[in-house]
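These notes concern the structure reproduced below.
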Amino acid sequence: MQLKIAVLGGDGIGPEVVAQSIKCLRSVEDTFGHKFTFTQATVGAGAIAKTGDPLPASTLDICKQADAVLFGAIGAPEYDGNPKAKVWPEQGLLRLRKELGLFANIRPVKVFPALVKQSPLSKKVVKNTDLVIYRELSGGIYYGDKIVDDTKTSATDTCTYTEAEISRIAHLAFKAAKGRKRKVTLVDKANVLETSRLWRRVVYTIAESYPEVTLESLFIDNAAVQMILDPNQFDVILTDNMFGDILSDQGSVIAGSIGLLPSASVGTDFAMFEPIHGSYPEAKDKNIANPVASILSAAMLLQHFKLNEESDAVVAAVLKSFSKKIVTADIMGSSKYGTDYVGDFIADNIMELDGSFNINDENIDLGKSTII
Ligand code: IPM
Ligand code: MG
28 MQLKIAVLGG
38 DGIGPEVVAQ
48 SIKCLRSVED
58 TFGHKFTFTQ
68 ATVGAGAIAK
78 TGDPLPASTL
88 DICKQADAVL
98 FGAIGAPEYD
108 GNPKAKVWPE
118 QGLLRLRKEL
128 GLFANIRPVK
138 VFPALVKQSP
148 LSKKVVKNTD
158 LVIYRELSGG
168 IYYGDKIVDD
178 TKTSATDTCT
188 YTEAEISRIA
198 HLAFKAAKGR
208 KRKVTLVDKA
218 NVLETSRLWR
228 RVVYTIAESY
238 PEVTLESLFI
248 DNAAVQMILD
258 PNQFDVILTD
268 NMFGDILSDQ
278 GSVIAGSIGL
288 LPSASVGTDF
298 AMFEPIHGSY
308 PEAKDKNIAN
318 PVASILSAAM
328 LLQHFKLNEE
338 SDAVVAAVLK
348 SFSKKIVTAD
358 IMGSSKYGTD
368 YVGDFIADNI
378 MELDGSFNIN
388 DENIDLGKST
398 II
């Protein structure tokens with residue numbers, strides 16, 4: 028298969044982790060005989076410094092001409108909490124998601140048996156966690172009207188959802204649930220918000236077309252508690268943009284490190300793959316960032332193009348890095364391995380699987396399950 032991949036490393040540790048994904052995708056090319064081309068483009072604080080715009084037109088063009096986008100991270104301390112900034116890096120990512128029509132952000136949270144002790148939560152609680160968050164990505168309070176009044180003493184963010192916006196992601200969530208544990212949990216704040224009440228009405232109606240899937244709903248405050256108390260009660264979590272942002276970071280505590288969780292953002296025409304973590308500016312260029320979230324995002328890219336064996340091979344190599352303890356320090360404090368070394372190890376261990384690797388098999392050698 029030929030694939031054109033736009034690479035937007037972005038800010039902080041983004042470029043260094045994405046570089047490891049490219050190594051892995053190159054290794055997939057060699058092993059499986061594909062042809063991937065990579066085109067780098069600038070976004071975020073780096074793009075503001077060069078052009079004044081966090082998403083220059085040339086970057087958007089490159090993304091629109093590509094089959095997929097591999098994204099690193101965005102955000103820089105000089106903009107954080109600076110109310111005087113006229114433009115900031117995150118606007119680049121938000122516009123990119125909107126321009127590409129990426130309405131569904133899929134964030135799996137799976138606990139690797141080899142890393143079960145990593146979580147600050149008890150092993151008993153997190154063991155076997157396997158849930159996926161379907162976060163609406165191009166609507167809600169992120170994109171509603173934003174108003175600061177003339178006196179600058181009052182500000183408004185508007186949250187709007189339409190039936191159509193809710194329905195398209197709800198269908199994806201139900202379809203995913205059909206191939207999993209057949210349960211969807213809608214997370215909202217329907218005891219307070221009109222938008223949540225609309226979500227309830229639309230999602231409960233759609234549920235009638237998926238009789239094999241059980242639908243439950245939880246208020247966000249309770250969902251946050253339940254996710255920590257007993258993550259195993261969840262299968263597919265369906266939620267809006269803001270609640271999904273918060274819950275997915277919380278999910279990373281269950282998995283043991285935010286450096287482990289990948290994501291896929293999909294729409295009708297485009298797809299983008301990015302770790303859920305931020306730009307971690309303190310670690311930039313220190314060769315300490317965990318590349319696994321980015322590498323697993325590349326595995327999700329392969330899966331998106333139905334290159335399932337290739338995706339499994341990347342996951343198997345990641346599992347091997349865990350079993351050999353070739354991990355960064357966020358996973359094992361005493362580790363002396365850096366971003367590059369871990370990336371090289373994983374890329375070097377991507378090989379055709381002999382059929383004994385089954386990502387759903389509880390008894391595989393390298394680990395017992397995968398994140399995707
Ligand atoms: C994420 C991030 C972004 C978001 C930020 C960087 C705008 O937190 O992808 O989860 O809030 O969507
Ligand atoms: Mg976030």
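Using our numbering, the first residue of the sequence shown is number 28, and each one after it goes up by one. The C-beta atom is built at its ideal place from N, Cα and C for all residues, glycine as well.
- The continuous beta strand (DSSP E) containing threonine 212 extends over residues 210-215.
- Contact between the stretch 63-83 and the stretch 108-118 is present, with at least three C-beta pairs closer than 8 Å.
- Using a cutoff of 6 Å, the CB of aspartate 38 does not count as near ligand 1, since none of the ligand's heavy atoms is closer than that.
- When secondary structure is reduced to three states using DSSP, methionine 254 falls in the helix class.
- The stretch 311-322 makes contact with the stretch 368-382, as at least three CB pairs between them are under 8 Å.
- Boundaries of the beta strand (DSSP E) harbouring threonine 266: 263-266, taken from the DSSP string.
- Exclusion of aspartate 184 from the 6 Å shell around ligand 1 follows from its C-beta lying no nearer than that to any non-hydrogen atom of the ligand.
- A residue is called buried when at least 16 other Cβ atoms come within 10 angstroms of its Cβ; alanine 182 does not meet this threshold and is exposed.
- By the Cβ-count criterion, isoleucine 174 is exposed, with fewer than 16 other Cβ atoms from all chains shown falling within 10 Å of its own Cβ.
- Inclusion of threonine 86 and alanine 68 in the CB contact set at 7 Å is warranted, their separation being smaller than that value.
- The continuous stretches of beta strand (DSSP E) do not include glutamate 192, which lies in the alpha helix (DSSP H) extending over residues 190-205.
- Checking the 6 Å criterion, the Cβ of aspartate 57 is out of range of every heavy atom belonging to ligand 2.
- Residue state for threonine 178 is assigned as coil, using DSSP reduced to three classes.
- Here glycine 41 is buried. Its C-beta has 16 or more other C-beta atoms within 10 Å.
- Residues with their Cβ less than 5 Å from any non-hydrogen atom of ligand 1, running along the chain, are Glu117 and Asp272.
- Looking at the DSSP output, methionine 299 shares a beta bridge with Val96 and Ser292.
- When only Cα atoms are considered, serine 146 and valine 138 end up about 9 Å apart.
- Here lysine 154 has Val143 as same chain residues with Cβ atoms under 6 Å from its own Cβ, once five neighbours each way along the sequence are excluded.
- For the 7 Å CB-CB criterion, leucine 242 and alanine 234 form a contact.
- For leucine 121, there is no enclosing beta strand (DSSP E); the enclosing alpha helix (DSSP H) covers residues 116-126.
- Proximity of the stretch 93-102 to the stretch 33-49 meets the contact definition, three or more beta-carbon pairs being nearer than 8 Å.
- In this structure threonine 64 is in contact with lysine 31, their Cβ atoms being roughly 5 Å apart against a cut-off of 8 Å.
- Scanning Arg162, Asp57, Arg207 and Thr189 for the CA closest to the CA of aspartate 276 turns up Arg162.
- For the pair glutamate 379 and valine 55, the CB atoms are not nearer than the 7 Å cut-off.
- Going by C-alpha positions, threonine 58 is about 8 Å away from isoleucine 377.
- Approximately 5 Å separates the beta-carbon atoms of glycine 294 and phenylalanine 130; this is inside 8 Å, confirming the contact.
- Closest by C-alpha distance to leucine 35, out of Met28, Glu43 and Tyr169, is Glu43.
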